[in-house]
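Q: In my numbering, the protein residues as written are 58 to 237.
Just so you know, even glycine gets a beta-carbon here, dropped at the ideal spot from N, CA and C.
The structure presented is a predicted model; accordingly, all values stated were derived computationally and were not measured.
#1: What is the rounded straight-line gap between the Cα of residue 203 and the Cα of residue 236?
#2: Quick check: the Cα distance between residue 154 and residue 81, rounded to an integer number of angstroms?
#3: Tell me whether the stretch 187 to 201 and the stretch 96 to 106 touch, counting them as touching only if at least three CB pairs, one residue from each stretch, are closer than 8 Å.
#4: With a floor of 4 residues, list each alpha helix (DSSP H) that falls wholly inside the stretch 65 to 129, ordered by position along the chain.
#5: What first and last residue would you give for the beta strand (DSSP E) that runs through residue 210?
#6: Do residue 206 and residue 180 have their beta-carbon atoms positioned less than 8 Å apart in this structure?
#7: Compute the Euclidean distance between the alpha carbons of residue 77 and residue 101, then round it to the nearest angstrom.
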């Protein structure tokens with residue numbers, strides 16, 4: 058059975074280690090180090106009001122983690138969160154852990170009154186949990202995108218996804234062109 062937790066401060070190092078290991082296995086040591094460091098920075102430096110972290114646990118072991126950080130749009134009052142990064146322990150991948158963790162996190166954001174979730178990743182995978190491609194004209198990114206086809210979003214309310222009025226700003230840990 059999988060248990061989900063919004064508690065991250067007492068598990069900060071375990072979470073960062075999970076992200077580093079997962080991305081090292083999937084994309085190499087350099088990417089693993091980059092994403093592990095990003096996870097550490099997000100936890101250490103992001104104000105609590107701008108950060109949500111959800112973890113998945115099975116039999117007392119950390120098997121997944123997901124970060125949501127606030128995106129702000131200067132000309133738009135809606136509440137927007139960026140979902141990134143997401144990691145599932147390599148040996149638990151392909152078993153629905155990631156999809157269930159994402160669904161859990163999105164449900165928590167809905168209950169909190171968040172309007173829009175955005176992510177930057179594989180549209181085929183994230184399409185399974187409701188994300189749809191968007192353009193930078195409709196939803197400005199805080200940094201230039203290297204792979205604009207991976208810029209995807211979903212409305213977390215009954216309202217359709219409509220263009221956001223930018224410019225966009227992200228939390229400090231994400232304000233790095235190398236991550237985009």
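A: With the structure as the only source:
#1: 9 Å
#2: 19 Å
#3: no
#4: 69 to 84 and 86 to 102
#5: 208 to 212
#6: yes
#7: 16 Å
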